[in-house]
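Note that the protein sequences, when read in sequence, are chains A and B. The opening position of the first sequence corresponds to residue -6 in this note's numbering, with each subsequent residue numbered one higher. The opening position of the second sequence corresponds to residue 5 in this note's numbering, with each subsequent residue numbered one higher.
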Amino acid sequence: MVMSITFEKLSYTYQTGTPFEHHALQDISLTIADHSYTAIIGHTGSGKSTLLQHLNGLLKPTSGKLVVNGQMIDTKTKNKQLGDLRHEVGFVFQFPEAQLFEETVLKDISFGPKNLGKSETEALEIARQKAKLVNLPDDVLEKSPFELSGGQMRRVAIAGILAMQPNILVLDEPTAGLDPKGRIEMMEMFKQLYEKEKLTIILVTHNMNDVANYADNVIVLEQGRLLRQGVPTEIFSNPEWLNKHHLGLPQTTAFALKLQERGINLQELPLTEKKLAQKLAALLQREVK
Amino acid sequence: MDRFILGRYINGDSLVHKLDARDKLIISMYFIVIIFLANNWQTYSLLLVVVLGCVGLSRINLGFFLKGVSAMIWLIIFTVLLQVFFTSGGTVYWHWGILTLTHYGIVRGVYVFCRFVLIIFMSTLLTLTTSPLEISDGLESLMKPLKYVKVPVYEIALMLSIALRFVPTLMDETQKIMNAQRSRGVNFGQGKLIDQIKAVIPLLIPLFVSAINRAEDLAIAMEARGYHGGEGRSKYRQQIWHLQDTLALGLFAIVTVALLFLRTW
Ligand SMILES: Nc1ncnc2c1ncn2[C@@H]1O[C@H](COP(=O)(O)OP(=O)(O)O)[C@@H](O)[C@H]1O
Ligand SMILES: [Mg+2]
């Protein structure tokens, strides 16, 4: 089986044939490799969420097609054929805590596996495991999910998705509304899932620092079209281009750019604090000599 | 993912859009009453012509109105069949137990169908051409006399406009939660009846939680901006009765006279 995601000339139109018709995606062709960490960036309304919802068949292309790990989806694909896909692709929606409904955290996490036909005990076992994976303390497992803090509720919701045991984890602005500390913890957790659990991660974000720090593949959307796809160093190497499309720079890169304007030659713009520190250290050493 | 057509407003600047909301409310309620004056093909044709004329004036695609009919098609079919098979009189075409298919039955069936279409078209026209806020302002203004018998008119109108305002929000929310639960392996509208009923719980509980949270936020936001009930509040949107509103009423008065003249007594 081919383990990757391919979009071929995919277009999607909301509410076709009404005055509210909206071409949300147009002629998208791209490939996302297996076990990659892809960030999707673009302005609000550029079609990021619409693109994501194709990945597990919640939306079907108006024209064109996509292939997810060997499973083809086009206009004519029936919901019944998508059973495996829902299990293959774990989808964390924006504000996923809205999906919680069970009496206890553990029961809520085990809801997915039970729907997949796992027995009660098996499902609870998976739930315990996933709760640990998202760093939920043991004492909250028997509590009502509605008693928890915002950040913890979100972890419960994400554990509920991980309990479906997907190979691909799709995250739609997962850190929106979290405080800075909660955000960093959450991003570190996804990194763990990527490195230790070997998941393919697809992340929609507005935070360029997260893109620079974690992603190895970037997709830029603008008004429903694919503007560019590439590795982060490529995407962030051209500040004028980013500026023209109203996209921000990672903090570190912006800082490095300021240094360069003051005459400190860094050659290639660094994306992460670590890289910047290394470059500066190298420069300083040369200076000392 | 098409939204319900009933209760959806389509912006426009046609003559129908420009009529005062109070005028449109009065006319559509009045029209539903005079539909019951129709009792032969001449009168039903007249009403159909009137409604289609109004639809034409609104410059809104006829498809929207047909969708309104198709949304209620089962109720319509059921009622029509009831009329067709349980009306006696006239030539009998077919007979089985208590079911009879008679000439009168068929005629009654057609009339009932026309009534449904007329009522749905007219009320869809009202909601398509009048924004929810205009409707609730209009209702408030029309209900003003009830204040003298201590009906909390302002509060009712406020409740109505808040409810109308949140219909699309709640529908989006429903869609979102359904998608989230689908991603956790729920199949809505599939499988055994008991499974389908069970599938409603993971949808309803989050929906209630979010509606209650939203209501709380709204209440806080209103109080923070100094809301203290309807006493002495002035209106930002003024409703102005124009000549065209009076003329529209006049038109329906003429339609009534024509109906009285054409109907079989
Ligand atoms: N259910 C819908 N009906 C009509 N238009 C929609 C619907 N959902 C999204 N859109 C429109 O599609 C466009 C892309 O939306 P979305 O994919 O949510 O963007 P993003 O996630 O990048 O902010 C937006 O302009 C939005 O208004
Ligand atoms: Mg979005």
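Each residue gets a CB set at the ideal place from its N, CA and C atoms; glycine is no exception.
Quiz prompt | CB contact below 9 Å: Pro54/A versus chain B | solution = Position 61 of the first sequence holds residue 54/A. By this cut-off, Pro54/A is not an interface position.
Quiz item: Can you give the Cα-Cα distance for Thr43/A and Gly153/A, rounded to whole angstroms?
Solution: Counted from its first residue, the first sequence places residue 43/A at position 50. Counted from its first residue, the first sequence places residue 153/A at position 160. Computed Cα separation, rounded: 22 Å.
Exercise. Provide the residue(s) that pair with Trp100/B in DSSP beta bridges, ordered along the chain.
Key: Position 96 of the second sequence, counted from the first residue, corresponds to residue 100/B. Note: Trp100/B sits in a beta bridge opposite Leu103/B.
Quiz item: For Pro206/B versus Arg188/B, is the C-beta spacing smaller than 9 Å?
Solution: Looking up residue 206/B in the second sequence gives position 202. Looking up residue 188/B in the second sequence gives position 184. Yes, they are a contact pair.
Quiz item: In whole angstroms, what separates the C-alpha of Ile31/B from that of Ile38/B?
Solution: Your numbering for residue 31/B matches position 27 in the second sequence. Your numbering for residue 38/B matches position 34 in the second sequence. If I take the Cα positions, the gap works out to 10 Å.
Practice problem: Report the rounded CA-to-CA distance for Ile201/B versus Gln185/B, giving the unit in angstroms. | Solution: Counting from one through the second sequence, the residue named residue 201/B turns up at place 197. Counting from one through the second sequence, the residue named residue 185/B turns up at place 181. Distance between the alpha carbons of Ile201/B and Gln185/B is about 14 Å.
Quiz prompt | Contact list for Ile154/A against chain B, beta-carbon separation under 8 Å | solution = The residue given as residue 154/A occupies position 161 in the first sequence. Neighbours of Ile154/A on chain B, chain order: Ser187 and Arg188.
Self-check item: Collapsed DSSP secondary structure at His80/A in the structure displayed
Solution: The count along the first sequence starts at 1 and reaches residue 80/A at position 87. Of the three classes helix, strand and coil, the one that applies to His80/A here is helix, per DSSP.
Exercise. Note down, in chain order, each residue of its chain lying with its Cβ closer than 7 Å to the Cβ of Ser140/B, except the 5 sequence neighbours on either side.
Key: Mapped onto the second sequence, residue 140/B falls at position 136. If we look at Ser140/B and ignore the five residues flanking it on each side, its Cβ neighbours are Ala161, Leu164, Ser165 and Leu168.
Quiz item: Does the beta carbon of Glu177/B fall short of 8 Å from some heavy atom of ligand 2?
Solution: Here residue 177/B refers to the residue found at position 173 when the second sequence is read from its first residue. No, Cβ of Glu177/B sits at least 8 Å from all heavy atoms of ligand 2.
Exercise. Check each residue's C-beta against every heavy atom of ligand 1 and list, in chain order, those closer than 5 Å.
Key: Tyr7/A, His15/A, Ala17/A, Thr37/A, Gly38/A, Ser39/A, Gly40/A, Lys41/A, Ser42/A and Thr43/A
Exercise. Please list the residues of the stretch 13 to 25 of chain B that have a C-beta atom closer than 7 Å to any C-beta atom in chain A, keeping them in chain order.
Key: Ile14
Quiz item: Any idea what DSSP makes of Ser135/B, helix, strand or coil?
Solution: Position 131 of the second sequence, counted from the first residue, corresponds to residue 135/B. The answer is coil: DSSP assigns Ser135/B none of H, G, I, E or B.
Exercise. Compute the minimum distance between the beta carbon of Asp203/A and the heavy atoms of ligand 2, and state whether it is under 8 Å.
Key: Position 210 of the first sequence, counted from the start, is the residue given in the question as residue 203/A. It does not: the Cβ of Asp203/A is nowhere closer than 8 Å to a heavy atom of ligand 2.
Exercise. Look at His238/A and Glu261/A and say whether their C-beta atoms are less than 9 Å apart.
Key: For the purposes of this step, residue 238/A is identified with residue 245 of the first sequence, where counting begins at 1. For the purposes of this step, residue 261/A is identified with residue 268 of the first sequence, where counting begins at 1. No. Outside cutoff.
Exercise. Answer yes or no: does any C-beta atom of chain A fall closer than 9 Å to that of Glu177/B?
Key: The sequence position of residue 177/B within the second sequence is 173, counting from 1. With 9 Å as the cut-off, Glu177/B counts as an interface residue toward chain A.
Self-check item: Where the stretch 224 to 235 of chain B meets chain A: residues whose CB sits under 8 Å from a CB there
Solution: none
Practice problem: Apply the 10 Å Cβ neighbour rule to Ala25/B and answer buried if 16 or more other Cβ atoms are within range, or exposed otherwise. | Solution: Start at 1 with the first residue of the second sequence, and residue 25/B comes out as number 21. Buried is the call here.
Quiz item: Given Asp131/A, which residues of its chain have a CB within under 7 Å of its CB, disregarding the five upstream and five downstream residues?
Solution: What you label residue 131/A is simply residue 138 of the first sequence in a count that begins at 1. Excluding residues within five positions, none has a Cβ falling inside 7 Å.
Quiz item: Quick one: is the Cβ of Asp101/A within less than 8 Å of any heavy atom of ligand 2?
Solution: Taking the first sequence and counting its residues from 1, the one referred to as residue 101/A is at position 108. The answer is no for Asp101/A.
Quiz item: If we count the other Cβ atoms within 10 Å of its Cβ and call it buried at 16 or more, is Val88/B buried or exposed?
Solution: Taking the first residue of the second sequence as position 1, residue 88/B is located at position 84. Buried: at least 16 other Cβ atoms inside 10 Å.
Exercise. Output yes or no for whether 9 Å exceeds the beta carbon distance between Tyr5/A and Pro54/A.
Key: On the first sequence, residue 5/A is found 12 positions in, with the first residue counted as 1. On the first sequence, residue 54/A is found 61 positions in, with the first residue counted as 1. When the beta-carbon positions are compared, Tyr5/A and Pro54/A come within less than 9 Å of each other.
Quiz prompt | CA nearest to the CA of Val204/A, picked from Pro225/A, Ala17/A and Glu188/A | solution = For the purposes of this step, residue 204/A is taken as residue 211 along the first sequence, with counting starting at 1. For Val204/A, the nearest C-alpha among the options comes from Pro225/A.
Quiz item: Should Tyr48/B go down as buried or exposed, given a rule of 16 or more other Cβ atoms within 10 Å for buried?
Solution: If you number the second sequence from 1, residue 48/B lands on position 44. It is buried - the Cβ of Tyr48/B has at least 16 other Cβ atoms within 10 Å.
Quiz item: Assuming Leu129/B contacts Val59/B under a Cβ cut-off of 8 Å, what Cβ separation, rounded to an integer in Å, is found between them?
Solution: Taking the second sequence and counting its residues from 1, one reaches residue 129/B at position 125. Taking the second sequence and counting its residues from 1, one reaches residue 59/B at position 55. So it is a contact: roughly 6 Å between Cβ atoms.
Quiz item: So does Val163/A have its beta carbon nearer than 8 Å to some heavy atom of ligand 2?
Solution: What you label residue 163/A is simply residue 170 of the first sequence in a count that begins at 1. Every heavy atom of ligand 2 is 8 Å or more from the Cβ of Val163/A, so no.
Practice problem: State the start and end residues of the unbroken beta strand (DSSP E) segment that holds Lys2/A. | Solution: As a working mapping, residue 2/A is identified with position 9 in the first sequence. That run of the beta strand (DSSP E) goes Ser(-3) to Tyr7.
Practice problem: Can you grab the Cα-Cα spacing for the pair Glu266/A / Val85/A, in whole Å? | Solution: In the first sequence, counting from the first residue as 1, residue 266/A sits at position 273. In the first sequence, counting from the first residue as 1, residue 85/A sits at position 92. Rounded to whole angstroms, Glu266/A to Val85/A spans 29 Å at the Cα level.
Quiz item: Can the beta-carbon of Thr198/A be found closer than 9 Å to that of Glu166/A?
Solution: For the purposes of this step, residue 198/A is identified with residue 205 of the first sequence, where counting begins at 1. For the purposes of this step, residue 166/A is identified with residue 173 of the first sequence, where counting begins at 1. One thing to note: Thr198/A has its Cβ within 9 Å of the Cβ of Glu166/A.
Exercise. Examine ligand 2 and report whether any of its heavy atoms sits within less than 8 Å of the Cβ of Gln243/B.
Key: To locate residue 243/B, count along the second sequence from 1; it is residue 239. No, the beta carbon of Gln243/B sits no closer than 8 Å to any heavy atom of ligand 2.
Quiz item: Using a Cβ-Cβ distance under 9 Å, would Gly35/A count as near chain C?
Solution: The structure shown contains no chain C; the protein chains it does contain are A and B.
Self-check item: Sequence-distant residues of the same chain with beta carbon closer than 7 Å to Ser135/B, five excluded per side
Solution: Sequence index remark: in the second sequence, residue 135/B carries index 131 (1-based). Tyr13, listed in sequence order.
Quiz item: Looking at Val213/B and ligand 2, is the gap between the Cβ and the nearest heavy atom below 8 Å?
Solution: Numbered from 1 along the second sequence, position 209 holds the residue referred to as residue 213/B. Val213/B Cβ: outside cutoff for every heavy atom of ligand 2.
Practice problem: May I have a chain-ordered list of the alpha helix (DSSP H) segments no shorter than 4 residues that lie completely inside the stretch 9 to 79 of chain A? | Solution: 41 to 47
Quiz item: Per DSSP, Gly153/A forms a beta bridge with which residues?
Solution: Your numbering for residue 153/A matches position 160 in the first sequence. Partner(s): none; Gly153/A has no beta bridge.
Self-check item: Complete runs of the beta strand (DSSP E) confined to the stretch 107 to 175 of chain A [at least 3 residues]
Solution: Unbroken beta strand (DSSP E) runs of no fewer than 3 residues, entirely contained in the stretch 107 to 175 of chain A, are found at 161 to 165, following chain order.
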